[in-house]
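There are 6 protein chains.
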Amino acid sequence: MPSPKWLQRMTWEEFKLNLERCDVIIIPVGSTEQHGGHLPLGTDTFVANTLAEGASEQTGAIIAPPVWYGWSPHHMVLPGTVTIRPEILIGLLFDIIEALAHHGAEKFVVINGHRIVNISWMQIACEKAQRVLGIRAAIFDPSYMSKEIVPELEFGPVGHGDEIESSHMLYSYPELYRAEKVLDYIPDYKPLLSADPAFQGDTLCYIPSTIKNMEKSVKVAKGISGSPSRSCKRKGERYHKHLVQRLSEVINNMQEKEE
Amino acid sequence: MPSPKWLQRMTWEEFKLNLERCDVIIIPVGSTEQHGGHLPLGTDTFVANTLAEGASEQTGAIIAPPVWYGWSPHHMVLPGTVTIRPEILIGLLFDIIEALAHHGAEKFVVINGHRIVNISWMQIACEKAQRVLGIRAAIFDPSYMSKEIVPELEFGPVGHGDEIESSHMLYSYPELYRAEKVLDYIPDYKPLLSADPAFQGDTLCYIPSTIKNMEKSVKVAKGISGSPSRSCKRKGERYHKHLVQRLSEVINNMQEKEE
Amino acid sequence: MPSPKWLQRMTWEEFKLNLERCDVIIIPVGSTEQHGGHLPLGTDTFVANTLAEGASEQTGAIIAPPVWYGWSPHHMVLPGTVTIRPEILIGLLFDIIEALAHHGAEKFVVINGHRIVNISWMQIACEKAQRVLGIRAAIFDPSYMSKEIVPELEFGPVGHGDEIESSHMLYSYPELYRAEKVLDYIPDYKPLLSADPAFQGDTLCYIPSTIKNMEKSVKVAKGISGSPSRSCKRKGERYHKHLVQRLSEVINNMQEKEE
Amino acid sequence: MPSPKWLQRMTWEEFKLNLERCDVIIIPVGSTEQHGGHLPLGTDTFVANTLAEGASEQTGAIIAPPVWYGWSPHHMVLPGTVTIRPEILIGLLFDIIEALAHHGAEKFVVINGHRIVNISWMQIACEKAQRVLGIRAAIFDPSYMSKEIVPELEFGPVGHGDEIESSHMLYSYPELYRAEKVLDYIPDYKPLLSADPAFQGDTLCYIPSTIKNMEKSVKVAKGISGSPSRSCKRKGERYHKHLVQRLSEVINNMQEKEE
Amino acid sequence: MPSPKWLQRMTWEEFKLNLERCDVIIIPVGSTEQHGGHLPLGTDTFVANTLAEGASEQTGAIIAPPVWYGWSPHHMVLPGTVTIRPEILIGLLFDIIEALAHHGAEKFVVINGHRIVNISWMQIACEKAQRVLGIRAAIFDPSYMSKEIVPELEFGPVGHGDEIESSHMLYSYPELYRAEKVLDYIPDYKPLLSADPAFQGDTLCYIPSTIKNMEKSVKVAKGISGSPSRSCKRKGERYHKHLVQRLSEVINNMQEKEE
Amino acid sequence: MPSPKWLQRMTWEEFKLNLERCDVIIIPVGSTEQHGGHLPLGTDTFVANTLAEGASEQTGAIIAPPVWYGWSPHHMVLPGTVTIRPEILIGLLFDIIEALAHHGAEKFVVINGHRIVNISWMQIACEKAQRVLGIRAAIFDPSYMSKEIVPELEFGPVGHGDEIESSHMLYSYPELYRAEKVLDYIPDYKPLLSADPAFQGDTLCYIPSTIKNMEKSVKVAKGISGSPSRSCKRKGERYHKHLVQRLSEVINNMQEKEE
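Residue numbers (my numbering), protein chains in the order written: chain A, 1 to 259; chain B, 260 to 518; chain C, 519 to 777; chain D, 778 to 1036; chain E, 1037 to 1295; chain F, 1296 to 1554.
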């Protein structure tokens, strides 16, 4: 299998050649944000990177250098978290796409390793990019793209540092997994509130929590919500492969569609 | 039943008195956007207003003057649509909340009559308001708050000017409903794409369409997608009452919770 | 007489038809701001709306949905007032005009129901709209458009919640007028200071007051300056009709001038 | 008579000393803008400077270095004109006041040598400065401060490069006056339009012209409107002294008022 | 020798004529900033102005009105200093160039009288102007343009209000020089730190000091660093003439190069 | 030797612990920009990363996740280059520092792998961070920190993809070096122009080139200026170790200085 095609490792001539072979560019975006006692601060970006690499190997799509920082105001409750203002992130993503569009790229998949919180500003950046630059963009988010497999794997709902994310990291980056530090925390059920895109009941729309609302998770489980003690490398592998396969489908669909 | 408590109709003394009685303020936000041949350009704001009025009658919550304009870049394909840049809308909503917070209000429900498109900028505005001003905010959106009743009413998926929205308007504003102009259009199924929060398959995240992608809906059904021909006043009533009841619950929950 | 042509009540096809009949669009802008014990917080927007309706009936001009919020930093001294930053209002008004210009509208009358305070940011927005979009704009303000009739009606100078505004509201919205709450307050004469466009002496230019400078008006007259006790429905009617007639003239002049 | 107290010519110790003697700072703001065939591009700033100097001599007020650039979008029709975006000018004036307020200054008179066009952005900057910094600001504009003397001097209405401005320049900067280049142009009367603060009829609010609307003035009189051929040094002197005396009054009033 | 060609003293016709003769425009930018006990607050702008005048006399280049304010956050430690945010200065300089480019000017030399601190924002403004407007710009800074003559004149390193700047002011503006107030202060050597472009050792990049780091200079020498007691009119003259000659070279090179 | 302390690989508890051991945080910033036929697009960020790693090993300083994108408007001439607007980069760097300062970090070294072009916006971001957040920042740039060793190594002047950069990459990332693609190009000497901080003659200040001015370098040497054919791994090693040692010195100096 060919190795993943990271843009930053290519010369400009190699970039040009690779773009001719596959005209979709993947932009991995994550966050730098606390992930409890057992997962590293870079988890969300590592997730975006490993998905990008998997799909790049299968499709030949170029991967732009990762954006390591995202929007994480609520996780500022614990050290090491870095949050960037949405207006800055919108400008950054737009400028990346604009520059690559200037060189002839017309199709982009933005991978969001950070789940629901990054989506709002990405929608604004991508809508502007599509309208102003005439390119096509898609936002690929693991929590929206695993609605079919998560119940099959008998994972619980989307939380933070939960068994889904933890299984994925355990599979893709075992050296960054502190198994001995795992803690579980199942928040009380709150009616009309859920950040899980697969939740079927009536809900309000997601707003990133206040720091105050993070306190219980911090106190009980060092910032986690979910049951990472249930994480499992084999399930992580199936989850990862499902997402890589979906991402490759998205890229292939985009390539085929000539407009 | 008491009449809805619109802020703009009160003197400042009446505002003060009403705020003491119920300390939640509703902010109705919609859009000015084409809704096909049978629904008016103001549909989304009318929807937000009628829900606000229903819940204000039940709870006594004050309703701030409506924001008639939203983010509608894709509907610029048809005349009469007005789209405002997300950064302006973020500033506008934040300033409204900030001013009312200055006068002592601490709890806000923003009603989004415009469904998925307005949510991204509202999340950014509300997160900032919660963090900077120390207030509590909720975003109430009909498409997220009717996931339980829509299947029961045997409505199809969320579209635009669809049978859900049309039934609602038929019930709440029959004088604005042009029954003779109704057209249906069921877009082809696109794998991995759905703007319906209740959809259970794997999906990419929503990005407002390009004008190009609106063309078929324009050509076939004057801008509609869905089956408004199936709209029904009685279902509209049940849908409306479900939402008003949910909105009242949200307001009551907020009032009770003293933090 | 035909009814006023509110854009939000039309379908997009009706909008198109009406724009062909009269190519001037009225945009009513007000404020949400304390108006003493006897007038509602929405007074300035109600004023803009009723003038818009009057002229729309006479000319057929379309009225865009009202902007209920304006620039009111000084009136934040009393509850219920909402002030929006001028840069946000400039962006909002520009975007409304830009979207409608995109659909072919070329002539706009912005009605300012809020008198002198809104004018500065409207000038900046309208200049940009004229220059960038190639449209024509006019700002219609009651205090500038009644310099001829006010002395005739023996009203005192422009204040806040004064007999001019009060008479107008008494005529146009009697149900919102709290006659029993009327208080008068005549501020001390300050040399070289006047916010009345009709004042003939030398003056400094208007700057919205500080909250500190509002205190006396708050203490003595619940936020009023002027003599609303002298307000009179019949004078309000003459004042209203003068303004509606002027507004219709402005619209007719714009329509005739083909450039 | 003491010489004018320009800040840029003082050391910081002299600034400190002078601020103790008179705690009002004058900020002269003008424009760089065509003024026909007979007046220099810097006319508006020269006007602001000479008024500042006159009042500084009488009151001891410090004069901040002049802002030579203003908002002149319409005069871009002729070469040499420089227009700055209002948002930049607002930021510039606010920052000047903020820095001087940081050093203890609490009272500011902004002189606008550019007449009506600069006022809108100055209002926004000064309101913010008063509210955020707790200082007091006044905007002194020749056309608002000469409503009493202009009829007495039998000048015509405010135009551009008119007999008022020309007489003033002839008196204060005779070496910059090209007498042989004077041209007159009296624009047609336009109902409901006037940029003269002393005009008594009903008017729309001022919006800076489009370049198209400047064309006749350019063609007929090299950018002038008014009757500079009627300019007169002696009248210029009386006009100048009236304004200097008014400016000194404003400064003295500010000094006395201790709040 | 012809007199310096200040734009603000020309009519628009004279501007046009002069631009035909020499198509390079000089924009002098300085600061308003403490310069110790012996130099005026306007020193940096006076320096830019006198260099501009010298080169204008030799080359016929037009000089735009001076920008008296720059970026001086660290000098806010002493009264009279005015600092403007870099984003405002970027906008201001860009707008000046854009307006003059609109009138046909294609070549600009920005003189920075303020040495290293202004350069960062000027680079951003000039890059944008070159890219967006298609003009050519150069930034002329005395400390970069005197690397050859300063050792010859046996001046010490670049400081603030040092013998270089003081000698220059003594020559060009003797009436603004307070000889009796001169104080010296040689800061301790800090390894890997120097703001002198001629320094040959390894260094970190310049960042404007904090106010805290200015304290010693304030305490010992009223804000100065360097040895102004060694200043010398004759050396100032040679320094001035070197810079004027260099500036004229730059202007002549620009004129010749037709692209 | 301990391994480099990348923040993204730590949990939040490890971050906290490491910050207690060494309270300086390194932020590596580079660019994504063409580097000729023989060096990868990510060269500047790789340079920042390898220096950061070297100094982290020696000092224990934490390294924040790299910023892969910088300001590269002129290199947009060749494909693969990504340029971000300076105002976005200023916001991004400020936000990173602000978030880490929130967690108690007080000392930052920003490594600029991109040489002169990134410095301007970094100065603006770091000045603001120092002033607003009370932290200490330093900007470490290879071209300023190798003025002493470069002549010793007999390298030519700073260019682009030159023998300095190439030797460094050859040493640190040999697998990314395409030896067979090396081309040389020595631009003509331009009087009064040099981007090399070690250049001793009089110069104008640097402004990023226009795309037009890049054309010769593109044509002759695929975007290079300098003599990479002279690059040498052993010299690259000495250069690298000099910089790592300097960076460690800077970090140690910062740690010692308690304020």
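The beta-carbon is built from N, C-alpha and C at its ideal position, and this holds for glycine as well.
Beta-carbon proximity list for residue i, same chain, < 6 Å, skipping 5 on both sides
i                      : result
residue 137 of chain A : 108, 126, 129 and 130
Own chain partners of residue i with C-beta closer than 8 Å, once the 5 adjacent residues on each side are dropped
i                       : result
residue 1033 of chain D : none
residue 1036 of chain D : Only weak support exists for where residue 1036 of chain D lies, its pLDDT of 46 falling under 50; the coordinates are left without a value.
residue 106 of chain A  : 23, 134, 135 and 136
Own chain residues within Cβ distance below 7 Å of residue i, not counting five before or after
i                       : result
residue 393 of chain B  : none
residue 1448 of chain F : 1530, 1533 and 1534
residue 945 of chain D  : 824, 1013, 1016 and 1017
Residue i at chain A interface by Cβ criterion, 8 Å
i                       : result
residue 379 of chain B  : yes
residue 1410 of chain F : no
residue 383 of chain B  : yes
Any chain D beta carbon closer than 8 Å to residue i
i                      : result
residue 662 of chain C : yes
residue 562 of chain C : no
residue 725 of chain C : yes
Proximal chain B residues relative to residue i, where beta-carbon distance stays under 9 Å
i                      : result
residue 699 of chain C : 270 and 272
residue 550 of chain C : 266, 267, 323, 324, 355 and 358
Proximity test, Cβ basis, 8 Å: residue i and chain B
i                      : result
residue 22 of chain A  : no
residue 246 of chain A : yes
residue 202 of chain A : yes
residue 603 of chain C : yes
CB contact below 8 Å: residue i versus chain C
i                      : result
residue 335 of chain B : yes
residue 427 of chain B : no
Residue i at chain F interface by Cβ criterion, 8 Å
i                       : result
residue 1174 of chain E : yes
Where residue i meets chain B, residues with beta-carbon distance less than 7 Å
i                      : result
residue 97 of chain A  : Within chain B, no residue comes near residue 97 of chain A; the closest Cβ sits about 12 Å away, beyond 7 Å.
residue 534 of chain C : 338
Per-residue contacts from residue i into chain D (C-beta, under 9 Å)
i                       : result
residue 1221 of chain E : Ordered by position in chain D, no residue passes the 9 Å Cβ test against residue 1221 of chain E, which lies about 15 Å from the chain.
Endpoints, beta strand (DSSP E) assigned at residue i
i                       : result
residue 1194 of chain E : No beta strand (DSSP E) holds residue 1194 of chain E; DSSP gives it neither H nor E.
residue 1146 of chain E : 1143-1148
residue 801 of chain D  : 801-806
Cβ-heavy atom distance, residue i to the ligand GTP, below 7 Å
i                       : result
residue 1102 of chain E : The model depicted lacks the ligand GTP and carries no ligand whatsoever.
Cross-chain neighbours of residue i in chain D, by beta carbon under 7 Å
i                       : result
residue 1083 of chain E : In chain order: nothing, as chain D lies at least about 12 Å away.
Closer than 8 Å at the beta carbon, the chain A residues around residue i
i                       : result
residue 1404 of chain F : Per Cβ cutoff of 8 Å: no residues; residue 1404 of chain F is ~16 Å from chain A at best.
Min CB distance residue i to chain E below 8 Å
i                       : result
residue 1422 of chain F : yes
residue 1449 of chain F : no
residue 937 of chain D  : no
Residue range of the alpha helix (DSSP H) that includes residue i
i                      : result
residue 878 of chain D : 863-879
9 Å Cβ cut-off: residues of chain E touching residue i
i                      : result
residue 818 of chain D : 1043, 1044, 1045, 1046, 1047, 1048, 1050, 1051 and 1101
- Task: Give a yes or no on contact between the segment 448-465 of chain B and the segment 325-335 of chain B, applying the rule of three or more CB pairs nearer than 8 Å.
- Result: Contact fails: fewer than three Cβ-Cβ distances are below 8 Å.
- Query: With contact counted as at least three CB pairs below 8 Å, one residue from each stretch, are the segment 1019-1026 of chain D and the segment 826-839 of chain D in contact?
  - Reply: Segments in contact, yes.
- Message: Three Cβ pairs or more, each shorter than 8 Å: is that satisfied between the segment 846-863 of chain D and the segment 805-817 of chain D?
- Response: Cβ pair count under 8 Å is three or more, so yes.
- Item | Sufficient close CB pairs (3 or more, under 8 Å) joining the segment 91-104 of chain A to the segment 12-29 of chain A | Yes, the segment 91-104 of chain A is in contact with the segment 12-29 of chain A.
- Query: Three or more C-beta pairs closer than 8 Å, one from the segment 1213-1223 of chain E and one from the segment 1257-1269 of chain E: is that the case here?
  - Reply: Touching, per the Cβ criterion.
- Query: Are the segment 265-273 of chain B and the segment 198-205 of chain A touching by the rule of at least three beta carbon pairs closer than 8 Å?
  - Reply: Segments in contact, no.
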